[in-house]
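Read through the structure below, which is laid out as structure tokens, and then see the notes.
Numbering (my numbering), first residue to last: 118 to 362.
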């Protein structure tokens, strides 16, 4: 039986755990072959993902890569072109939380890491992968933002600034992609049961939050060849009809 993503190739960053892991599995179940990227120290988790995807009869290529290695991101684009000749789906999910701290207390090294991973790495991904997405019949680029952007919440400044910058980056890319046909969207997960959320809000009961498996179908919808949403930030809670407290 034909699946919605048969013959499609997807690159998912932050694929070793959390939302990225669930999305990689969801896309593979729908027929996609997966390029799963995560930092080198997560190679064991990437190998587990590789086993799961191959058990579905799909292909998985794991890429242990530090997103601060910007030259490696450039090389990855070239490698994908040489092997597959195109990329159909890009999911820019990887991010770090950084310190929950007053802005004036953030160490410059921590600030630089936040901007490098949450913003600059995604720009480098766009720069490297956009030519490949244009070679796809229905290229899709999906990035993950946060409701923290624009809320001006005390002590969340570093993370919020990085996500606000990411939104401007991706929405500008979307505006530039109207002619090329690549569909560009963002997902705001809201509070989700992840390790990052537990670190950010340690007193919260995780059982009250949606799981990563619940949000993964939204990414599948946006990644489908006939999806026409573009230049939108899709709020998962709204999409799923979940009421916030």
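Where a beta carbon is used, it is the ideal one built from N, C-alpha and C, also for glycine.
When DSSP labels each residue in this structure, what does residue i get in the three-state scheme?
i: residue 77; result: Here the chain covers residues 118 to 362 and nothing more, so residue 77 does not appear.
i: residue 309; result: coil
i: residue 303; result: strand
i: residue 126; result: strand
i: residue 261; result: strand
i: residue 352; result: strand
i: residue 181; result: strand
i: residue 283; result: helix
i: residue 275; result: helix
i: residue 323; result: helix
i: residue 188; result: helix
i: residue 289; result: helix
Tell me which residues share the same chain as residue i and place their Cβ nearer than 6 Å to its Cβ, disregarding the 5 neighbours each side in the sequence.
i: residue 159; result: 133
i: residue 261; result: 210, 304
i: residue 320; result: none
i: residue 178; result: 152
i: residue 170; result: 145, 151, 177
i: residue 189; result: 182
Which same chain residues end up closer than 8 Å to residue i when comparing Cβ atoms and leaving out the 5 residues on each side of it in sequence?
i: residue 275; result: 215, 216, 218, 220, 223, 227, 228, 231
i: residue 318; result: 308
i: residue 172; result: none
Could you give the first and the last residue of the continuous alpha helix (DSSP H) run that contains residue i?
i: residue 163; result: 160 to 172
i: residue 330; result: 329 to 340
Does the beta carbon of residue i fall short of 8 Å from some heavy atom of the ligand NAP?
i: residue 137; result: Inclusion of the ligand NAP in the displayed structure is not the case, the ligand content being empty and no account of it being possible.
Can you list, in chain order, the residues of its chain whose CB lies under 7 Å from that of residue i, leaving out five sequence neighbours each side?
i: residue 309; result: 136, 326, 327, 329, 332
i: residue 311; result: 135, 136, 329
Tell me which residue opens and which closes the beta strand (DSSP E) that residue i is part of.
i: residue 150; result: 150 to 155
With a floor of 3 residues, list each beta strand (DSSP E) that falls wholly inside the stretch 190 to 250, ordered by position along the chain.
If only uninterrupted beta strand (DSSP E) runs of at least 3 residues are considered, those enclosed by the stretch 190 to 250 are 206 to 209.
When you compare the stretch 242 to 251 with the stretch 266 to 281, are there three or more beta-carbon pairs, one atom per stretch, that lie closer than 8 Å?
Touching, no.
At a cut of 8 Å, does the stretch 343 to 351 reach the stretch 292 to 303 through at least three beta carbon pairs?
yes
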